[in-house]
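> In the working numbering, the protein residues as written are 1 to 401.
Glycine included, C-beta positions come from ideal geometry on N, C-alpha and C.
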Amino acid sequence: MIPRFKPFFDWREIKAILGIKKNAVAKFEIAFAKNFQTKYALAFPYGRSALYALLKALDIKNAEIIIPAYTCVVVPHAIVLSKNIPKFVDINAKNYNLNLDEVIKKISPQTKAIIPGNIFGYPVDTEKLKKITNDKNILIIQDCAHCFGAKWHGQFVCNQGDAAIFGLNIAKYISSIHGGMLTTNRRDIYQKVKTYRDRHFKNILFFRSLKNYFYLLATYPAFNPLIYGLTSYFDYIEGHRILGRTTKYYQENKIDLPPDALSLLSSIEAKVGIAQLQKYPKILAKRKIISQYYHDHLQNIPQLVLPPLIDGATYSHYVPRVQNRQKVISQMKKQGIQLGSLINYSIPRLKAYQKYTNEKFPKAWRCSRETINLPIYPDLKKTELDYIITNLKDILSQNKK
Numbered sequence: 001m002i003p004r005f006k007p008f009f010d011w012r013e014i015k016a017i018l019g020i021k022k023n024a025v026a027k028f029e030i031a032f033a034k035n036f037q038t039k040y041a042l043a044f045p046y047g048r049s050a051l052y053a054l055l056k057a058l059d060i061k062n063a064e065i066i067i068p069a070y071t072c073v074v075v076p077h078a079i080v081l082s083k084n085i086p087k088f089v090d091i092n093a094k095n096y097n098l099n100l101d102e103v104i105k106k107i108s109p110q111t112k113a114i115i116p117g118n119i120f121g122y123p124v125d126t127e128k129l130k131k132i133t134n135d136k137n138i139l140i141i142q143d144c145a146h147c148f149g150a151k152w153h154g155q156f157v158c159n160q161g162d163a164a165i166f167g168l169n170i171a172k173y174i175s176s177i178h179g180g181m182l183t184t185n186r187r188d189i190y191q192k193v194k195t196y197r198d199r200h201f202k203n204i205l206f207f208r209s210l211k212n213y214f215y216l217l218a219t220y221p222a223f224n225p226l227i228y229g230l231t232s233y234f235d236y237i238e239g240h241r242i243l244g245r246t247t248k249y250y251q252e253n254k255i256d257l258p259p260d261a262l263s264l265l266s267s268i269e270a271k272v273g274i275a276q277l278q279k280y281p282k283i284l285a286k287r288k289i290i291s292q293y294y295h296d297h298l299q300n301i302p303q304l305v306l307p308p309l310i311d312g313a314t315y316s317h318y319v320p321r322v323q324n325r326q327k328v329i330s331q332m333k334k335q336g337i338q339l340g341s342l343i344n345y346s347i348p349r350l351k352a353y354q355k356y357t358n359e360k361f362p363k364a365w366r367c368s369r370e371t372i373n374l375p376i377y378p379d380l381k382k383t384e385l386d387y388i389i390t391n392l393k394d395i396l397s398q399n400k401k
């Protein structure tokens, strides 16, 4: 079975967790900030924890926070649980990002922040966004969970705003097993968030370290082709603790954070994160190559809407659109290829968020029903790429008849 995602782990992560490294979390923060050319970085157990801490530390409450209707649902979770109000905006279906022309219409005196998605690694137009927020005292919080290192006109997106949030679970661009990061060039924000984190986040490092030690070890056999190919086995692990926290991260009628959302990052996670940062250039290069390969070999298929190739994009996912998505996913699975469907919801249509708006957000809804995620992890072989492309073409051709 070719999995839909696969963490880029090897012997170096094992070596990292077995090695002795004092102040690993602080060193990870310094290395992360240096890698993305930002002044400050603060580690968290999840990206959503970083967003929650940012809003709380800046004493933002009862405010409207503008976000895409099509983004990861954990973003509005953090907004609501910090006592704020998500204000949804439809997307541009061509690149899945926030429609900035619609943002202008949603700004009100209660608007205190905008969180553009940079979804699937596509950078938001930061110049246009800054013009919209200019002189309005509105924070720009870049959601970089999908866009590690994405650039707009040669500048890192994470530095084109007041702060940026990253997620670091095993399905992300780089991973610290679990984890998140906040970056900023503003010393006042850094100091306030650090103070809030150090006061309110719990030190349960022994239990977190032990749990993540075994979690990391479990990923090696879990993603072994011989084991992963047993569909019934994957169905089991996906619904349980090995991958469950990555693949089953929300309930449609519930707004919550994980039980350990207010804990400190462990040294084991930090050491894995440092090892992953060293691989970042290779990960970036491989994902760009794979995206280009898909783009070149999936042209002129009427049943397939390809995503764009954009300068500065980093391609956390390769996300074309199809009709009859579930049928295509099922047919590909029979051929030993697992496709994803992230993100398969429009947030305002989830039961927990229906009270916040009556708008339909048609483009977000359409994309939530039609997108598929083709495998794009760095150690995907050319033979596997060709196999994916051939089977997808055949299946779409058969479905046309």
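If we count the other Cβ atoms within 10 Å of its Cβ and call it buried at 16 or more, is Asn300 buried or exposed?
exposed
> I'd like to know whether the C-beta atoms of Ile66 and Lys87 end up nearer to each other than 8 Å.
yes
> Using only alpha-carbon positions, find the residue among Tyr213, Cys147 and Asp10 that is nearest to Phe166.
Cys147
> With a cut-off of 8 Å on the beta carbons, I'd call Tyr315 and Lys279 a contact; round off their distance for me.
The pair is not a contact, with the Cβ atoms about 16 Å apart (cut-off 8 Å).
> Ile107 to Leu339, Cα distance in whole Å?
Cα-Cα distance, rounded: 37 Å.
> Please report the straight-line C-alpha distance between Gln398 and Val75, rounded to a whole angstrom.
39 Å
> Would a C-beta distance cut-off of 8 Å place Tyr70 and Ile91 closer than the cut-off?
yes
> DSSP state of Asp394, grouped into three classes?
helix
> By DSSP's criteria, Tyr318 is part of a beta bridge. Which residues make up the other side?
Leu374
> If you follow the beta strand (DSSP E) that Val89 is in, where does it begin and where does it stop?
Ile85 to Val89
> So, helix, strand or coil for Gln39, using DSSP?
The residue you asked about is not Gln; residue 39 is Lys in the sequence shown. Lys39: coil per DSSP, three-state reduction.
> Compare the Cα-Cα distances from Gln110 to each of Asn137, Ala43 and Lys131 and report the closest residue.
Asn137
> At what residues does the alpha helix (DSSP H) containing Lys327 begin and finish?
Arg325 to Lys334
> Ordered along the chain, which non-local residues of its own chain (more than five positions away) have a Cβ less than 8 Å from that of Lys254?
Ala352
> Go ahead and pull the three-state DSSP assignment for Ser263.
DSSP places Ser263 in the strand class (E or B) of the three-state scheme.
> Between Leu42 and Arg197, which are expected to be in contact by the criterion C-beta below 8 Å, what is the C-beta distance as a whole number of angstroms?
With a Cβ gap of about 6 Å, Leu42 and Arg197 count as contacting.
> Taking DSSP as the reference, what is the three-state secondary structure of Gly312?
coil
> In chain order, what residues of the same chain have a beta carbon less than 7 Å from the beta carbon of Ala93, not counting five sequence neighbours either side?
Lys363, Arg366 and Cys367
> Would the region 382-390 count as touching the region 112-122 if we require 3 or more Cβ pairs under 8 Å?
no
> Within 10 angstroms of the Cβ of Asp10, are there 16 or more other Cβ atoms? Answer buried if so, exposed if not.
Under this definition Asp10 is an exposed residue.
> For the beta strand (DSSP E) that Phe166 lies in, which residues bound it at each end?
Ala163 to Gly167
> Please report the residue range of the alpha helix (DSSP H) in which Gln191 lies.
From DSSP, the alpha helix (DSSP H) with Gln191 extends over Arg187 to His200.
> Buried or exposed: where does Arg48 fall if 16 or more other Cβ atoms within 10 Å of its Cβ makes it buried?
Burial of Arg48 is indicated by the presence of at least 16 other C-beta atoms within 10 angstroms of its C-beta.
> Ignore the nearest five residues each way along the sequence and tell me which others in Lys39's own chain have a CB closer than 6 Å to its CB.
Asn185
> For Thr183, is the classification buried or exposed, using 16 other Cβ atoms within 10 angstroms of its Cβ as the cut-off for buried?
buried
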